[in-house]
Structure formats: C-alpha cells, structure tokens
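Number of protein chains: 2
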Amino acid sequence: MAGPAIPETRVLAIASHVVHGYVGNTMATFVMQSLGCEVSAINTVNFSNHTAYKQFKGRKTPAEEITELYQGLKQSRLNDFDVMLSGYISTAEAVEAVGKIGRDLKFEAGTKPGSFFWVLDPVMGDNGSLYVGEDVVPAYKNVIIQADMILPNQYEAELLSGVKITDVPSIVEAITVLHKTYFIPHVMITSLRLDSETGKVTSESQTLTVVGSTARKDQTPRLFKITIPALPLFFSGTGDMFAALLIPRFRAAITSASLTQTQRWQSPDSVPPTSLPLAHAATLVLASMQVVLRKTLDARDVEVAELEKREAQRKEPGDEEEAARMAKDRELARTKAAEVRVVRNVGDLREPGEVERFRAEELDATGENQVEGELQSEAGEAKPDELVVLKSEGAVHATSPE
Amino acid sequence: MAGPAIPETRVLAIASHVVHGYVGNTMATFVMQSLGCEVSAINTVNFSNHTAYKQFKGRKTPAEEITELYQGLKQSRLNDFDVMLSGYISTAEAVEAVGKIGRDLKFEAGTKPGSFFWVLDPVMGDNGSLYVGEDVVPAYKNVIIQADMILPNQYEAELLSGVKITDVPSIVEAITVLHKTYFIPHVMITSLRLDSETGKVTSESQTLTVVGSTARKDQTPRLFKITIPALPLFFSGTGDMFAALLIPRFRAAITSASLTQTQRWQSPDSVPPTSLPLAHAATLVLASMQVVLRKTLDARDVEVAELEKREAQRKEPGDEEEAARMAKDRELARTKAAEVRVVRNVGDLREPGEVERFRAEELDATGENQVEGELQSEAGEAKPDELVVLKSEGAVHATSPE
Numbered sequence: 001m002a003g004p005a006i007p008e009t010r011v012l013a014i015a016s017h018v019v020h021g022y023v024g025n026t027m028a029t030f031v032m033q034s035l036g037c038e039v040s041a042i043n044t045v046n047f048s049n050h051t052a053y054k055q056f057k058g059r060k061t062p063a064e065e066i067t068e069l070y071q072g073l074k075q076s077r078l079n080d081f082d083v084m085l086s087g088y089i090s091t092a093e094a095v096e097a098v099g100k101i102g103r104d105l106k107f108e109a110g111t112k113p114g115s116f117f118w119v120l121d122p123v124m125g126d127n128g129s130l131y132v133g134e135d136v137v138p139a140y141k142n143v144i145i146q147a148d149m150i151l152p153n154q155y156e157a158e159l160l161s162g163v164k165i166t167d168v169p170s171i172v173e174a175i176t177v178l179h180k181t182y183f184i185p186h187v188m189i190t191s192l193r194l195d196s197e198t199g200k201v202t203s204e205s206q207t208l209t210v211v212g213s214t215a216r217k218d219q220t221p222r223l224f225k226i227t228i229p230a231l232p233l234f235f236s237g238t239g240d241m242f243a244a245l246l247i248p249r250f251r252a253a254i255t256s257a258s259l260t261q262t263q264r265w266q267s268p269d270s271v272p273p274t275s276l277p278l279a280h281a282a283t284l285v286l287a288s289m290q291v292v293l294r295k296t297l298d299a300r301d302v303e304v305a306e307l308e309k310r311e312a313q314r315k316e317p318g319d320e321e322e323a324a325r326m327a328k329d330r331e332l333a334r335t336k337a338a339e340v341r342v343v344r345n346v347g348d349l350r351e352p353g354e355v356e357r358f359r360a361e362e363l364d365a366t367g368e369n370q371v372e373g374e375l376q377s378e379a380g381e382a383k384p385d386e387l388v389v390l391k392s393e394g395a396v397h398a399t400s401p402e
Numbered sequence: 001m002a003g004p005a006i007p008e009t010r011v012l013a014i015a016s017h018v019v020h021g022y023v024g025n026t027m028a029t030f031v032m033q034s035l036g037c038e039v040s041a042i043n044t045v046n047f048s049n050h051t052a053y054k055q056f057k058g059r060k061t062p063a064e065e066i067t068e069l070y071q072g073l074k075q076s077r078l079n080d081f082d083v084m085l086s087g088y089i090s091t092a093e094a095v096e097a098v099g100k101i102g103r104d105l106k107f108e109a110g111t112k113p114g115s116f117f118w119v120l121d122p123v124m125g126d127n128g129s130l131y132v133g134e135d136v137v138p139a140y141k142n143v144i145i146q147a148d149m150i151l152p153n154q155y156e157a158e159l160l161s162g163v164k165i166t167d168v169p170s171i172v173e174a175i176t177v178l179h180k181t182y183f184i185p186h187v188m189i190t191s192l193r194l195d196s197e198t199g200k201v202t203s204e205s206q207t208l209t210v211v212g213s214t215a216r217k218d219q220t221p222r223l224f225k226i227t228i229p230a231l232p233l234f235f236s237g238t239g240d241m242f243a244a245l246l247i248p249r250f251r252a253a254i255t256s257a258s259l260t261q262t263q264r265w266q267s268p269d270s271v272p273p274t275s276l277p278l279a280h281a282a283t284l285v286l287a288s289m290q291v292v293l294r295k296t297l298d299a300r301d302v303e304v305a306e307l308e309k310r311e312a313q314r315k316e317p318g319d320e321e322e323a324a325r326m327a328k329d330r331e332l333a334r335t336k337a338a339e340v341r342v343v344r345n346v347g348d349l350r351e352p353g354e355v356e357r358f359r360a361e362e363l364d365a366t367g368e369n370q371v372e373g374e375l376q377s378e379a380g381e382a383k384p385d386e387l388v389v390l391k392s393e394g395a396v397h398a399t400s401p402e
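Here the protein sequences line up with chains A and B, keeping their order. With UniProt numbering applied, the first sequence corresponds to residues 1 to 402, in that order. With UniProt numbering applied, the second sequence corresponds to residues 1 to 402, in that order.
Below you can see the structure in the form of structure tokens.
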C-alpha cells in the first residue's frame, strides 16, 4: 500500500446508514475497512437511500438509542477505540448524546496521552443552507471543544467560527478562531472555491482547495493548502469519503512521526505546515479520491449515455402526469448513476497513484503573495524540490514560493 | 483473484447489524464487498454486539420498518438486485415481510430467467435448541418455497424437513424432502459432524462436513460433500461468512458455466455432483474460511496468553461479588478475542490458497460404501486425478470411489 503502513486502528464510526448507495457510514465503513481499520458503526439514521434522490424512507435513530448502543459496548468492554469518527447526526439531542460518548472515551483514555482521538465532521449544511434543524448549530458549538480534529466545509466553518469566508485572510481568521476559541488542534476546511489568481472565494473557480492547519502550542495556525481540479458533477458522500480515508492515512502519518503517544497528536512547533502529518495524509487522501471520482464520472457517463439511448426509444408521454413521472424517473436514474464507485475501485483507495499532483503548499496567511505564488507554480512543471514526497519517511517538503 | 472472475453483482442483504464484531450483515457486507459485490443492507436488528457476549443492547427492526425500507428502494428504482441474501430475522412477522420482498423481486424478474436469485439462510437455532420464537419455524416453511438456495445447519435442516439427521441416509432424505416438498433447487447443510468411518453423525467427530446438492429436473438430489478439519473453538458469524463468500463464488461459477440466464441457475442433468458450480464455489469458500479461521485462532491464542499474563498479576478478589465480576470480565475478553479477523485477512478472502485440500466428493446416497470410500481417500496423498481443479474452467473433478 502507498504511504506509510497503516497500524491496526479501532474506529467508532457514528453516522448515517443507507440501504442503497454510499454516504455516511455506508461509505465510511467500507473505506476504512479497506485500509485495514476495525470499524464499529453506530448508525444515526437507517434510510433506504440518501437525500439527493429527493425521496427516501426509514427512521432516525433517537438520541437515547445511540446512547444505549454505546452503553452496550461499554458494559462488555468493547469501547477500547483509538479513534472516533462522527458524521451526520440528525438532531441536537443526538449531537449531545454523541458529545457525551466522545467525552466518556476521552475520560477513559485520560491517563494515556494520544490513545484516543476524535475526528468530527460537523455535518450541518452546504452552500449557505442548513440541512439540519437550527438547534443543531449551537449543539455542535458545545461539543466541538472535545474534538481533536474537525472537517467542516466552507459553510460549516462559517457557522462554527462566525467568520464569513470570502478570501484568504478570512480563511485564516476562521481557522484561527476554531483553534483559539474551541481549542481544536487540527482543522481542515474541505471544499473552498478559491480563485488562485485573485485569492478570493468565488463559485466561478475551476478548482477546489482544501485548507488545513495543525495549531502550534500557542494555538496559532500552521496553514497549508492543496488544490485539486473540480469535477463537473455533484457526488454524494465525498465528505464522508474524505474523512474515512483521512483517518487511516493520518494515523499512519502520526505513527511515522512518533506522535501516537503525544497529546492530541500535535506536532512540535518546529514542524513547518507542509511537513505536518495532516498535510501528508491529506495528499494521499485527495490522490485516491481524484482517481475514484474520475472513474465514477466515466462510468456514470457511460451509464447516462445508455439511459439516453433507451429514453429516446420510448413513446412520448400521453399526458402531463406521465410526462412528470418520466421526468422523475430520468432524474432518479441519473442520481443513481452518480453513486461513487468505491467497491470496484478499492485498489485506488489503497494505492492512490499520482500523489505528486496533490502537493501541499504553505498558505500565505496575509493572502498578499497569493497572485505571485500561484502564477509561479502554474508557470510550468513542478520542480522536484518543490514536491512533497510522501512515499518515504524522510519527506522532502515544499515551502510556498516567497 | 482465485477462481473464475466475479461479475458485478448487486446484492440485497437482509440480516442483523452489530456495532462491534462480525456477524450477520456486519460480516456479510464486508465479505461480499471485498469480493466486488455491491451490497445494499437492510438491518433486521441494530445491537451493540452479538449474543455470544451474553449481554447486549439495541433494538430489533419491526417488520413494518423492513417493508418500508424496501418500499423506499422500490419507489426510487433502486431494487434491481441480482441476488438477495437473507440471514437472521428476529420474528415471524419479519420473516413474512422478507418473504414478500423476495416474492416481489422474483415477480419483477419474472420475464428474465435467472435475473434474480434468493439465497436464504434459515437462521433459527443450533444443536437442538431454537434461538428464535417457535412461530418463526412455520413462518420459514411458508417462505422457503420462494428461495433458490437454502443454507441450513443440521438442526435447521431437521426443523424444515421433519427428518431427524443421524447418518448418511437421513442426510439424503432431508435434502430430498427440501428439494421435493419446497422445490428448492440448491441446498447445503453447512455443519454436519459426520464420522467418516461409520457414516454416522456424532458430536465426537473431529471433522465438519458440508453436504450440498443441486436438484435434477425431477427434483432428485445430486449430492456432494466436502470435509474440513474442525477447529477447537466456537466462532460467531461463520455461517454468515459462509453465505457471504458463497454468493460471489457461486455467481462466478454459474457465469463460467453459462447458466446466468437459466431458471434458478440449475445445471443440466448431465452435470455430475462434483462438477456442479455449487461444489466448485463451496470449495473456494471453505478454503478461504479455513485460512481466516486458522489465523483468527492463532491471533486469539496470542491475545488470550496476554490476558492470562495480566490476570495473573491481579490481586485476588476481595469478596464473591468481585470474584464474579472478574470471572465475567475474563469471559467477555475471551469472547472478544475470538471475533473472526476478516478485515486484516481480506487477501485470504480473495485468494483462498490451498483449494486442493477441500475437494468435493460425491456422497454415496445409500451410505453403504461410506467406510470403504473414506478409508481409501484417507489411505495416502490424494492422487491428481481425484482432485477438483478449480482454478481453470475445464475442471477435472473427483468422483467418489466405488
């Protein structure tokens, strides 16, 4: 497998279950297992399918049932987890219940620094709108202080930090607030549409940027960014895929860096941003995701072409009702065609291929050198000494062009 | 991967979910995904752990919720399954609900022979005692007529056939009843303690025997057996592991035999027992299981040795209550140590290794030649022409010694 070897890792995964498709725990469990993790899954909902289909059936797991399942583990001494990954949680009460589980696991690990680590994906909404109740936001603000890493998208980072993200300085400000106000050592904002020339966040951007930081001792951020091409399609479950890949990769990276017994897996202040275990892990994660999503897109295009051929052979709808039904069927089939192909591409999860393309760069906190830096890196092929080399332990790392 | 390539297979898996450990869908989903299947899982219970721990928390999924989840799939056209695998179902009402799902999928596949196949593991009990309500038995008798393959253990085969299994002739009789009364084309009894010398079923036997049959057109059985060493430990979830491995292996075998568009994947009468796709598939399954269970046993022994070392260093219990608590903890830790190691041994699921050891032999229906036949096959190394060669399509197969 690419990257440093992944140590045996026991993960408690708390997220949604869908019968069909790949989101939440249905995505995360398989992805983490494929990288060798032992996964215990508490399902916060049991739905037939994810919400991109615009209809689904099933049930939310009540908060007390989440608590009860954890107590069931605890009474049989089955709660010796190295990592907890929490994803979609449907109500404020359930967020509180998961917060208590995190606190309990942290308490039990209290005497052994680094023996428990909570990765929290604060799933609340996207693109300016919530898909949970409004009371979930303050519930998360109460519990994230327990988390060791959070993985918000842009909107969630804004909700938690209170900072409107529009450009590089506001990204830096949001992450600084998350480090300093909530004492979260590791933060990654997972999907920023950051224009590389202007340094502004804009929906026009053809690339996606991930910005991560592991705080220094004084809670100041150590910022890196990784830019990836934006694919021309929306896929459900990519946030869950990112988190699920990150856990084994990050644990391998901190093991290589001898940080497993360090409080909250925090690197010494001497480690520069692009040499952070988090930067190394994110690079491997994004390389895997690009390949799998690209293959998904190709497979989806083939499937859609076949659909179109069949649809063209159908009779015209007889009335409005039939036309509406056919339009709905068309859309359902297209949503299905866009399900991420993880099972048949498991090799790409384990061996991410062109890791070199997804090098981490230092994010200039002022944003002032943004234009020059980006132009420089786009001017030609990356030079070998700029690359983050991830396949060996003695990593050569990039520093951002000054 | 060993054996014929596994075609893309969409499986609806209906069984239990446990947060910790590997039974039911928690076992079956990972195993089938590892062999390339797309798995949609409806969970019949959501428990913290399996019952071998003698305590657990969680909830059974009511029958109407199982039905509702399936309706959710159906309304979004997500029910285009090739195979259904049903395992543990906790109540008679839920068995009926699953029966209706099977019937609906069969009905939808009606115009395309072979396009849907139901593998039913009638999980009811073991070693003479039920672990479901008594009304589950007649509920299963009503639904198994819809199934294309059933995988009972000895006790379940007795419950369904009404035949007490004591020796080879009664095994044959039970399978004959299942073929003829319920029109089930494929039957495998998954765990018989059959003494190879006497042909009697006895708890003293040092081996386990799997007996399978694909009926001929006239519903008479075509019987084969595979004998494996019995490991000196009870593992939970091995029945689920068997079924989960069998589905991709059997589908690959029937694809090789060009039977995918044949009603109920039934081989022509000219195919002898040991050349059946079911026999080929079972051989690969058992070879994988032997390796993984052997590795599990070794890992468990290391873990138990460590536990014993730690326990020896503990103070003696102060009173009876503390002694009872310590005894319980010891037992819980040993149950945990015996969880099947599937995640870290995924390579052995895909590449089963010494397939030659698990050759299928024809089961002599009379049982009269049992002693002679077994002695002969145990007298020395297996001869090459006796082996079932599974890695090529032109299989050389054994016939039982006359």
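Where a beta carbon is used, it is the ideal one built from N, C-alpha and C, also for glycine. Keep in mind that this is a model prediction, so the values were computed, not measured.
Distance between residue j and residue i (C-alpha atoms, nearest Å)
i       : j       : result
V302(A) : V163(B) : 53 Å
T238(A) : N345(A) : 15 Å
R59(A)  : R334(B) : 35 Å
K54(A)  : A327(A) : 13 Å
G125(B) : Q154(B) : 10 Å
A13(B)  : V168(A) : 47 Å
I254(B) : V31(B)  : 19 Å
A243(A) : E308(B) : 37 Å
F107(A) : T61(A)  : 25 Å
E204(B) : F47(A)  : 47 Å
T260(B) : V39(A)  : 35 Å
L293(B) : H280(B) : 20 Å
A282(A) : L246(A) : 6 Å
G212(B) : H186(B) : 7 Å
Cutoff 7 Å: residue i Cβ touching any chain A Cβ
i       : result
N345(B) : no
I175(B) : no
Q219(B) : no
Y88(B)  : no
V371(B) : With a pLDDT of only 41 at V371(B), under 50, the local geometry of the prediction cannot be trusted, and no value is derived from it.
N49(B)  : yes
F30(B)  : yes
S76(B)  : yes
K383(B) : Caution applies to K383(B), whose pLDDT of 32 falls short of 50 and renders its modelled position unreliable; the model cannot decide the point.
E38(B)  : yes
F116(B) : no
G58(B)  : yes
L120(B) : no
V19(B)  : yes
E306(B) : no
CB contact below 7 Å: residue i versus chain B
i       : result
V172(A) : no
Q313(A) : no
E64(A)  : no
F234(A) : no
Y53(A)  : yes
F224(A) : no
Cross-strand partners of residue i (DSSP beta bridge)
i       : result
D167(A) : K200(A)
A15(B)  : N43(B)
S213(B) : V187(B), L223(B)
G125(B) : L130(B)
E38(B)  : R10(B)
P229(A) : T207(A)
I150(A) : L120(A), V187(A)
At 4 residues or longer, what runs of the alpha helix (DSSP H) sit wholly inside the stretch 290-346 of chain B?
320-337
Run through the stretch 231-280 of chain A for me and flag every whole alpha helix (DSSP H) of 4 or more residues, listed as ranges in chain order.
238-256
In the stretch 77-121 of chain A, which residue ranges form an unbroken alpha helix (DSSP H) of at least 4 residues, counting only runs that do not cross its ends?
92-108
Cβ contact check for the stretch 212-229 of chain A and the stretch 274-289 of chain A: 3 or more pairs under 8 Å:
yes
Touch check for the stretch 110-120 of chain A and the stretch 128-137 of chain A: three-plus C-beta pairs under 8 Å?
no
Meets three-Cβ-pair contact criterion under 8 Å: the stretch 83-98 of chain A and the stretch 17-30 of chain A
yes
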